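To convert a position in the sequence shown, counted from 1, into the working numbering, add 3.
For each residue, glycine too, the CB sits at the ideal point set by N, CA and C.
Computed from a predicted model, the values in this text were never measured in an experiment.
This report concerns only the one structure given below.
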Amino acid sequence: MIDIPLSLKVALEEEAKKNNVTRDGLISAILAEHVNLNVHTVFQVSTSGALVAGVYDQEVTVGALLEHGDFGLGTFAGLDGEMVVLDGRVYQAHGSGKVTEARADAGAPFAVITRFTPDMSGTITDVTSFSDLEARCDGFRASDNIFYALRLHGRFSYIKTRVVNPPEPGVALTEAAKSQSEFELENIAGTLVGIWSPVFSSQFSVAGYHFHFISDDHEHGGHLLDVKADSLSFQIENLNDFRLVLPETETYLKANLDRDIAAELNAAERGH
Ligand SMILES: [Zn+2]
Numbered sequence: 004m005i006d007i008p009l010s011l012k013v014a015l016e017e018e019a020k021k022n023n024v025t026r027d028g029l030i031s032a033i034l035a036e037h038v039n040l041n042v043h044t045v046f047q048v049s050t051s052g053a054l055v056a057g058v059y060d061q062e063v064t065v066g067a068l069l070e071h072g073d074f075g076l077g078t079f080a081g082l083d084g085e086m087v088v089l090d091g092r093v094y095q096a097h098g099s100g101k102v103t104e105a106r107a108d109a110g111a112p113f114a115v116i117t118r119f120t121p122d123m124s125g126t127i128t129d130v131t132s133f134s135d136l137e138a139r140c141d142g143f144r145a146s147d148n149i150f151y152a153l154r155l156h157g158r159f160s161y162i163k164t165r166v167v168n169p170p171e172p173g174v175a176l177t178e179a180a181k182s183q184s185e186f187e188l189e190n191i192a193g194t195l196v197g198i199w200s201p202v203f204s205s206q207f208s209v210a211g212y213h214f215h216f217i218s219d220d221h222e223h224g225g226h227l228l229d230v231k232a233d234s235l236s237f238q239i240e241n242l243n244d245f246r247l248v249l250p251e252t253e254t255y256l257k258a259n260l261d262r263d264i265a266a267e268l269n270a271a272e273r274g275h
């Protein structure tokens, strides 16, 4: 049993009487509706355009992000590394090569998160490059017009990642991306956390595939640039409910986001 405050109990009783249902029935219906709301829903905090325009202060805390899901990716306040959210834990890959678990009060300027509930699974073999991986994942996507979450796990014969380093305040992402660290790893077990976004979303999301890597030992991670693997388990979730949470900070509210950022973002996010 759960403890419900008296005021809520009274409100529930009234609502139940009004709808001619029992209180337990009403609570079940509310819970069911809430859970459904989270299935196939993806939450994005801020826009890729804002990030490109240099809006990368804290817009949300890691703790608040986790209320919206257990799987996703993003970056940290001040562009301090790459974020990987896996099984409800938030990992921060630092430019130094270290990976730490982020605290609940750590800040993020941009993140995409979902409660991962796969619709389909399979195996992908003989992945020879990033574009090869894209082509193989394409085979599991029935549409170009919704979002997808993708989870791949296995032993990678080769992985190349990049981790952004914190730039001086106000420096654009395209400039910041130039001070990124790159890592190459061989024969490493881990997970790729991926989001696929439609081309039409390029004004506010990272269109196409966007993968972040985290090794099974949680010691290596970053934004995926290149990949080779013999065999990977594969899971995909259709995301047809997209929620965009816009920041309320002064920096965001005053930023000029009217220009075409798709090309700039391509240069920064897709270095492969
Ligand atoms: Zn990334």
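The DSSP-derived three-state label of Gly-197 is strand. Annotation for His-226 indicates a beta carbon within 6 Å of some heavy atom of ligand 1. With a cut-off of 8 Å on Cβ pairs, the segment 228-245 is not in contact with the segment 23-35, counting fewer than three such pairs. By the Cβ test, the segment 68-75 is not in contact with the segment 126-145, since fewer than three Cβ pairs between them sit closer than 8 Å. Non-local beta-carbon contacts of Asp-108 in its own chain, meaning distances under 6 Å to residues more than five positions away in sequence, involve Thr-64 in chain order. The DSSP-derived three-state label of Val-48 is strand. Here Leu-249 is actually not in contact with Thr-117; their C-beta atoms are around 18 Å apart, not less than 8 Å.
Residue pairing for Thr-117: DSSP places it in a beta bridge opposite Val-45 and Phe-74. In the assembly as shown, Asp-83 is a buried residue. Its beta-carbon has 16 or more other beta-carbons within 10 Å. Cβ-Cβ distances below 7 Å link Arg-92 to Glu-104 in the same chain, with the five nearest sequence neighbours on each side left out; the list follows chain order. Comparing alpha-carbon positions, the option among Leu-227, Leu-260 and Glu-16 lying closest to Phe-133 turns out to be Leu-227. Boundaries around Leu-136 are those of the alpha helix (DSSP H), 133-141, since no beta strand (DSSP E) includes it. At a Cβ-Cβ threshold of 7 Å, His-97 and Asp-244 do not count as neighbours.
Rounded to whole angstroms, the gap between the alpha carbons of Leu-195 and Phe-214 is 6 Å. For the 7 Å CB-CB criterion, Ile-198 and Val-115 form a contact.
Under the 10 Å beta carbon count, Glu-16 is surrounded by fewer than 16 other beta carbons and is classified as exposed.
The C-beta of Ile-127 has 16 or more other C-beta atoms within 10 Å across all chains shown, which makes the residue buried.
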